[in-house]
Amino acid sequence: MISLRILKRIQKDLKVNTIVPGHGDVSNSDRITDVIRFLEKTIAYVSKALTSGKSESYWLEQGILEGYEDWHLPQYFSWNFRCPPAEYRP
120 MISLRILKRI
130 QKDLKVNTIV
140 PGHGDVSNSD
150 RITDVIRFLE
160 KTIAYVSKAL
170 TSGKSESYWL
180 EQGILEGYED
190 WHLPQYFSWN
200 FRCPPAEYRP
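Here the numbering used here is used: the first residue of the sequence shown is 120, the next is one more, and so on.
Structure, rendered in structure tokens:
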């Protein structure tokens with residue numbers, strides 16, 4: 120996933136004090152770690168769902184990943200779920 124690779128590179132190679140996201144509140148570099156963790160958990164969840172044999176509806180009915188319910192624009196979870204990059208599909 121391109122955005123995940125970019126975030127990891129930013130975290131590793133740049134000293135970032137302030138994050139001004141396109142969506143959400145201005146934050147510090149800890150937010151990069153939070154977003155990386157969210158994307159990694161989403162990838163694992165989607166990979167599990169794709170190999171489970173259960174319907175997309177079943178998995179979307181489970182709701183947003185635990186711990187991320189109050190994130191800005193929670194609909195991104197369902198968008199990420201519905202359109203996983205090819206490298207995460209079985």
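All C-beta atoms, glycine included, are put in the ideal place defined by N, C-alpha and C.
For Ile183, the three-state secondary structure derived from DSSP is coil.
Leu158: member of the alpha helix (DSSP H) spanning Asp149 to Ser171, first to last residue. For Ser122, the secondary structure class from DSSP, reduced to helix, strand or coil, is helix.
Beta bridge pairing from DSSP links Ser146 with Ile138. Counting the other CB atoms within 10 Å of its CB gives Thr161 a total of 16 or more, which places it among the buried residues.
Excluding sequence positions up to five before and after Ser146, its CB lies within less than 6 Å of the CB of Ile138, all in the same chain and listed in chain order. Looking only at Ser148, Gln194 and Leu123, the smallest Cα-Cα distance to Leu158 is reached by Leu123.
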